Each structure stands twice: as structure tokens, then as C-alpha cells.
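Using our numbering, read the sequence shown as starting at 3 and increasing by one per residue.
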Amino acid sequence: MPVKKRKPSRKKSKGLSIQLKFAIVGILLVLLSPFYYGYVVKIATSTWFWLHHPGEDKNYRTYESFNIKIPKKYSIHGIDVSYYQGKIDWQKVKAMKEDDVHVTFAFIKATEGLLNVDPYFLRNWREAPKAGIKVGAYHFFRPKRSGLWQANFFLQTANFEKGDLPPVVDIESLDGVAPEKMRKELNAFIIQIEEKAKVKPIIYSGLKFYQDNLRSYYDDYPFWVAHYHQPKLKLPTNTWKFWQHSDKARINGINHVVDFNAFNGDSLAFTQILIK
Numbered sequence: 003m004p005v006k007k008r009k010p011s012r013k014k015s016k017g018l019s020i021q022l023k024f025a026i027v028g029i030l031l032v033l034l035s036p037f038y039y040g041y042v043v044k045i046a047t048s049t050w051f052w053l054h055h056p057g058e059d060k061n062y063r064t065y066e067s068f069n070i071k072i073p074k075k076y077s078i079h080g081i082d083v084s085y086y087q088g089k090i091d092w093q094k095v096k097a098m099k100e101d102d103v104h105v106t107f108a109f110i111k112a113t114e115g116l117l118n119v120d121p122y123f124l125r126n127w128r129e130a131p132k133a134g135i136k137v138g139a140y141h142f143f144r145p146k147r148s149g150l151w152q153a154n155f156f157l158q159t160a161n162f163e164k165g166d167l168p169p170v171v172d173i174e175s176l177d178g179v180a181p182e183k184m185r186k187e188l189n190a191f192i193i194q195i196e197e198k199a200k201v202k203p204i205i206y207s208g209l210k211f212y213q214d215n216l217r218s219y220y221d222d223y224p225f226w227v228a229h230y231h232q233p234k235l236k237l238p239t240n241t242w243k244f245w246q247h248s249d250k251a252r253i254n255g256i257n258h259v260v261d262f263n264a265f266n267g268d269s270l271a272f273t274q275i276l277i278k
């Protein structure tokens with residue numbers, strides 16, 4: 003009797019193990035999560051940037067949309083404006099962003115000396131906060147004029163409210179007077195501002211003028227220092243609050259170049275400096 007050949011048996015595939023299935027699902031969830039996606043995008047963006055900007059200082063990055071280099075260690079950025087910038091579309095200013103850099107605050111010129119009111123001040127003072135930008139007003143100080151009268155003129159023009167940045171006095175030159183005379187009038191200005199506004203004013207100046215005429219005289223006051231196109235501000239970190247590091251920024255909604263600034267601190271420190 004012939005032997006009946008048996009057909010070779012085919013083992014049925016058991017498929018993927020349950021553990022492997024869970025592992026695959028977990029990996030897909032991670033890859034598709036918004037956090038991981040954002041992380042991947044950020045790495046890809048950074049890689050693209052460094053390929054196109056070889057050799058650039060890692061702490062001082064070029065931002066194409068703003069058309070300037072910006073120190074990387076600061077997270078809160080702002081601008082300062084005057085009549086020179088003309089009519090500003092503040093909604094466009096607020097909407098502009100590259101990576102994590104956007105305009106959080108704006109210092110706006112209000113007055114100069116005893117008679118000059120910036121023609122765009124009231125419009126800027128009204129429209130910038132509507133767009134969600136924190137504002138501060140500044141007075142361009144003239145050492146030959148009475149500091150007391152300049153303070154009164156400034157306060158009559160700029161109405162400060164809770165949540166605004168403190169008043170700013172912009173002192174950049176001696177205007178032909180001795181440093182002692184300049185400081186006498188500046189003292190009168192500061193005292194009047196503190197008495198009426200109930201807050202210490204910010205003092206703005208260029209780095210050289212600060213070093214020659216202001217350093218050690220006003221250590222209790224917040225400083226805003228101009229020092230352009232440098233990866234670092236060459237001052238001890240605890241001596242300043244704002245750094246005007248560029249005068250050539252391009253901002254959406256503004257037809258002229260703008261000064262660009264960094265705040266020395268995090269969001270909590272920024273909140274603490276606002277008028278209470």
C-alpha cells in the first residue's frame with residue numbers, strides 16, 4: 003500500500019507581540035505630539051541657521067526678519083521710538099516674531115527740554131498699549147535748563163498709570179556745562195519725578211557718557227545703557243536693566259530703522275519693574 007505523503011505544514015504567523023504593538027503605538031504618540039514636533043522643528047531651524055551662518059558667535063545671533071544681530075541670553079525685547087519713525091502700525095509691531103524674539107515693550111519719546119513735545123507721542127502712547135505692548139515714556143534732558151521745570155513739563159505731558167514702565171530721563175551730553183552742573187539739574191529732575199510719580203525713574207545714557215559722568219552717582223537707580231552692535235554689554239550685570247544694543251532694527255509696521263533693546267531679567271523681574 004503506497005505511503006501517502008504528508009504535505010509540509012505551514013505554521014501560522016503569530017503576528018506582532020502585544021509588547022511590540024504597545025511600543026510602536028507609544029513611539030507614534032511621541033512623534034506626533036505637539037511638544038516633540040515643536041522640538042524637532044526647533045532643531046531643524048537651528049541647524050538650517052548655523053549652516054547658513056558659519057562661524058557666527060553662538061551668543062550673538064543674526065535674525066533675518068529684524069535685520070540685526072541680537073544677544074541670545076535675553077528673553078524680553080523691546081524698541082524705542084520718536085517722531086523719526088513716523089506713523090506706526092502697532093498691531094503689526096506686536097505680531098512680528100522670529101523664533102522666540104518679539105517686541106514686548108516700547109519706550110516712547112514724550113518731551114525735550116522745556117518746550118518740545120514729540121508730535122507722535124500721544125498717538126504712540128495711546129495705540130501701543132492697545133496692541134498689548136508695555137510702554138514707558140522718556141524725556142530728552144537738557145542740562146542747561148532747570149531740571150525741576152523739565153520734570154514738571156514731562157509729567158504734564160505723560161500720564162503714567164499702573165502697569166506702565168517707569169518714567170525715563172534721557173541724558174546723553176553735557177550741552178557745554180560742567181558735569182557738576184549737569185548732575186545738579188539732573189538731581190532736581192529725579193527728585194521731582196520720584197515725588198510726583200512715586201517711582202524711581204530709569205536713567206538712559208550711552209556707555210561712555212555713563213562711565214564718565216554718571217557711574218557711582220546714581221547706583222540706586224535703574225539704568226538703560228546704549229552700546230551698539232556688541233555681543234556683550236561691558237558692564238557688571240547688576241548695574242543695568244535695559245540695553246539698547248542696536249540702532250538699525252527693521253520692524254513690521256514701522257517705515258524707518260528702530261533702536262532695539264533687551265531687558266536684563268526674566269518675565270517675573272520685568273513685571274516687578276512696572277509701576278504698581
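Virtual Cβ for every residue (Gly too), placed ideally from N, Cα, C.
None of these values were measured; they are calculated from a predicted model.
**Q.** Residues near Q274 by beta carbon distance below 7 Å, same chain, minus five either side
**A.** One-based indexing of the sequence shown puts residue 274 at position 272. Cβ neighbours of Q274 beyond the five flanking positions: none.
Q | Every unbroken alpha helix (DSSP H) inside the segment 143-187 [4 residues or more] | A | 149-159
Q: Would you list the one or two residues that DSSP bridges to I78?
A: Position 76 of the sequence shown, counting from 1, holds the residue named residue 78. The partner list for I78 (beta bridge, DSSP) is empty, contrary to what the question assumes.
Q: Would you check if the segment 89-105 and the segment 143-150 touch, i.e. whether three or more CB-CB distances between them fall below 8 Å?
A: no
(Q) Which residue marks the beginning of the alpha helix (DSSP H) containing V95, and which one marks its end? (A) In the sequence shown, counting from the first residue as 1, residue 95 sits at position 93. Segment W92 to A97, the alpha helix (DSSP H) holding V95.
Q. So, is Y219 buried or exposed, given that buried needs 16 or more other C-beta atoms within 10 angstroms?
A. Against the sequence shown, residue 219 aligns to sequence position 217. Under this definition Y219 is an exposed residue.
Q. Would I79 pass as a contact of F225 if the rule is Cβ separation under 9 Å?
A. Here residue 79 corresponds to residue number 77 of the sequence shown, with the count starting at 1. Here residue 225 corresponds to residue number 223 of the sequence shown, with the count starting at 1. The sequence as given places His at residue 79; Ile does not occur at that position. In this structure, F225 does not lie closer than 9 Å to H79 by Cβ.
Q. What separation, rounded to the nearest whole angstrom, lies between the Cα atoms of I20 and I26?
A. Here the question's residue 20 lines up with position 18 in the sequence shown. Here the question's residue 26 lines up with position 24 in the sequence shown. Cα to Cα, the separation comes out at about 10 Å.
Q) So, using beta-carbon positions, are E114 and F68 closer together than 9 Å? A) On the sequence shown, position 112 is the one that residue 114 refers to. On the sequence shown, position 66 is the one that residue 68 refers to. Not in contact: E114 and F68 (Cβ atoms no closer than 9 Å).
Q: Please list, in chain order, all residues of the same chain as L276 whose beta carbon is under 6 Å from its beta carbon, the five residues on each side excluded.
A: By one-based count along the sequence shown, residue 276 stands at place 274. Same-chain partners within the cutoff: G165.
Q) Just how far apart, CA to CA, sit V171 and G208? A) Along the sequence shown, one-based indexing puts residue 171 at 169. Along the sequence shown, one-based indexing puts residue 208 at 206. Roughly 12 Å between the two C-alpha positions.
Q) Between the beta-carbon of F156 and the beta-carbon of G138, is there less than 9 Å? A) Working through the sequence shown from its first residue, we reach residue 156 at position 154. Working through the sequence shown from its first residue, we reach residue 138 at position 136. Not a contact, by the Cβ cut-off of 9 Å.
Q | Close beta carbons around L257, own chain, < 6 Å, minus the five adjacent residues each side | A | Walking along the sequence shown from the start, residue 257 turns up at place 255. A small correction: the amino acid at residue 257 is Asn; Leu does not occupy that position in the sequence shown. So the qualifying residues of the chain are G88.
Q) Taking the alpha helix (DSSP H) that E1 falls in, what are its first and last residues? A) Residue 1 falls outside the range modelled here, since the chain spans only 3 to 278, and no answer is possible.
**Q.** Runs of beta strand (DSSP E) wholly within the segment 188-266 (minimum 3 residues, chain order)
**A.** 204-208, 225-228, 244-251 and 260-265
Q) CA-CA distance, G178 and P203? A) Here residue 178 is taken as the residue at index 176 of the sequence shown, counted from 1. Here residue 203 is taken as the residue at index 201 of the sequence shown, counted from 1. Rounded to whole angstroms, G178 to P203 spans 24 Å at the Cα level.
Q: In angstroms with no decimal places, state the Cα-to-Cα distance between V83 and V119.
A: In the sequence shown, counting from the first residue as 1, residue 83 sits at position 81. In the sequence shown, counting from the first residue as 1, residue 119 sits at position 117. Approximately 14 Å between the Cα atoms of the pair.
(Q) I'd like the list of long-range same chain contacts for E163, defined as Cβ closer than 8 Å, with 5 residues on each side in sequence excluded. (A) The residue given as residue 163 occupies position 161 in the sequence shown. Once the five neighbours on either side are set aside, the close Cβ partners of E163 are I277.
Q. N254: which of V95, N154 and N240 sits nearest, CA to CA?
A. Sequence index remark: in the sequence shown, residue 254 carries index 252 (1-based). Of the candidates V95, N154 and N240, the one whose C-alpha sits nearest the C-alpha of N254 is V95.
Q) Looking at G149 and Q93, is the spacing between their C-beta atoms short of 9 Å? A) As a working mapping, residue 93 is identified with position 91 in the sequence shown. As a working mapping, residue 149 is identified with position 147 in the sequence shown. No. Outside cutoff.
(Q) Let's test the definition: count the other Cβ atoms within 10 Å of the Cβ of A271 and tell me whether it reaches 16, buried, or not, exposed. (A) Numbered from its first residue, the sequence shown carries residue 271 at position 269. Classification for A271: exposed.
Q.
Please report the straight-line C-alpha distance between Q232 and E197, rounded to a whole angstrom.
A. Counting from one through the sequence shown, the residue named residue 232 turns up at place 230. Counting from one through the sequence shown, the residue named residue 197 turns up at place 195. Rounded to the nearest angstrom, the two C-alpha atoms are 37 Å apart.
Q) Do you know offhand how far Y62's Cα is from K71's? A) Looking up residue 62 in the sequence shown gives position 60. Looking up residue 71 in the sequence shown gives position 69. Using only the alpha carbons, I get a separation of about 6 Å.
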